[in-house]
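Contents: one structure, followed by commentary.
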Amino acid sequence: MATNKRTLSRIGFYCGLALFLIITLFPFFVMLMTSFKGAKEAISLHPTLLPQQWTLEHYVDIFNPMIFPFVDYFRNSLVVSVVSSVVAVFLGILGAYALSRLRFKGRMTINASFYTVYMFSGILLVVPLFKIITALGIYDTEMALIITMVTQTLPTAVFMLKSYFDTIPDEIEEAAMMDGLNRLQIIFRITVPLAMSGLISVFVYCFMVAWNDYLFASIFLSSASNFTLPVGLNALFSTPDYIWGRDDGGLTGDRIAGGDYVCAFGTFY
1 MATNKRTLSR
11 IGFYCGLALF
21 LIITLFPFFV
31 MLMTSFKGAK
41 EAISLHPTLL
51 PQQWTLEHYV
61 DIFNPMIFPF
71 VDYFRNSLVV
81 SVVSSVVAVF
91 LGILGAYALS
101 RLRFKGRMTI
111 NASFYTVYMF
121 SGILLVVPLF
131 KIITALGIYD
141 TEMALIITMV
151 TQTLPTAVFM
161 LKSYFDTIPD
171 EIEEAAMMDG
181 LNRLQIIFRI
191 TVPLAMSGLI
201 SVFVYCFMVA
211 WNDYLFASIF
221 LSSASNFTLP
231 VGLNALFSTP
241 DYIWGRDDGG
251 LTGDRIAGGD
261 YVCAFGTFY
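Residue numbering for the sequence shown follows the UniProt record's numbering, starting at 1 and increasing by one per position.
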């Protein structure tokens, strides 16, 4: 009886999981199918799930620099996402280790402040960040967006990495000190390798935040040549080259190129 109950509960769990995935992935599937439809079929009054006539014209247009500089926007998004994620993870390692291992005055206050950060929306930082960025003379540059993304993701990176570091026994580091390693050597030779799964999760989180950001990119970037994919795709809506189906091709390329598969990798890792 117990085995049958476990089997039924497993079946119920996987059926529920399958239903959840179908509901979650269905909009993406519709978007993907629309990207293979012609312009007239995409806006038909009697839409069909699958294209009546398959076409790749929207993908050809998306990769046409005269219509939509997808490659340039992709490069901008990739540079901003990778650099900001690496910086956030590196600084997060140092900050999280200090809060996890070192004992100093004000440590608990600083630790509690990371919980407070989640009470406020990132949009509250727009004005002060705008003043800082314009004062530094880096407005409308990739550096401006990189700094912004680091400020957005660093608190979460520190908070998450501290949780991972707390699970590593102190005895391992004490043994390393007995072997003559200093703090920095312990961090990067002992602690970081043991928390590698956590580092990958944090990196994926930081990457996804930076890759999908539209708010700050639309504020701190004004030149079309510096646009990231979210801003560039939005700009496509207001151009004469906007055609139903072409935007779905761009969105599909955005999802495949950057985000959802990286997120899935980080989740299942």
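Quick reminder that beta carbons are idealized off the backbone N, C-alpha and C, glycines included.
Asked, Found
"Where the alpha helix (DSSP H) containing F36 begins and where it ends", "That residue, F36, is in no alpha helix (DSSP H); it is neither H nor E in DSSP."
"Residues of its chain near V202, where Cβ-Cβ distance is below 7 Å and the 5 sequence neighbours each way are ignored", "V89, G92, A157, M160, L161"
"V80 vs M33 beta-carbon contact at 9 Å", "no"
"S85 in three-state terms, based on DSSP", "helix"
"Per-residue DSSP class, three states only, for H58", "helix"
"Classification of E171 by the beta-carbon crowding that lies within 10 angstroms, buried from 16 upward", "exposed"
"Distance CB(S77)-CB(W211) smaller than 9 Å", "yes"
"The region 219–226 in contact with the region 122–137 per 3-pair CB rule at 8 Å", "yes"
"Sequence-distant residues of its chain with Cβ nearer than 6 Å to D99 (five each side left out)", "In the sequence as presented, Asp is not what sits at residue 99; that position holds Leu. Closer than 6 Å at the Cβ level, and outside the excluded window around L99, lie N111, K162."
"Cut-off 6 Å between Cβ atoms - residues of its own chain near I146, not counting five sequence neighbours on either side", "V80, V83, S84"
"Where F68 falls, given that 16 or more other Cβ within 10 Å makes a residue buried", "buried"
"Same chain, Cβ closer than 7 Å to D166, five either side skipped, listed in chain order", "S100"
"Residues near Y214 in its chain [Cβ-Cβ closer than 6 Å; skip 5 each side]", "P230"
"Distance, I187 Cα to Y97 Cα", "8 Å"
"Close-in-space but distant-in-sequence residues of the same chain around T94 (CB under 8 Å, 5 per side omitted)", "For clarity, residue 94 is Leu in the given sequence; the question names Thr instead. So the list reads I187, once near-sequence residues are dropped."
"Secondary structure of K105, DSSP reduced to three states", "coil"
"Alpha helix (DSSP H) segments (min. 4 residues) lying fully within the region 171–199", "183–186"
"Residue burial classification, G232 (beta-carbon count within 10 angstroms, cutoff 16)", "buried"
"Minimum C-alpha distance to L236 - residue among T48, A42, E41, I62", "I62"
"Three-state secondary structure (DSSP) of M119", "coil"
"Expected contact under 8 Å - CB spacing of T228 and Y73 to nearest Å", "6 Å"
"N- and C-terminal bounds of the alpha helix (DSSP H) containing A135", "126–136"
"Distance between F207 and R75 (C-alpha atoms, nearest Å)", "14 Å"
"Candidates G198, F104, P155: closest to F120 by CA position", "P155"
"Residues near V87 by beta carbon distance below 8 Å, same chain, minus five either side", "I146, V150"
"Where K105 falls, given that 16 or more other Cβ within 10 Å makes a residue buried", "exposed"
"Short Cβ contact (9 Å threshold) for residue 277 with I168", "The structure shown does not extend to residue 277, since the chain is modelled only from 1 to 269, so the question has no answer here."
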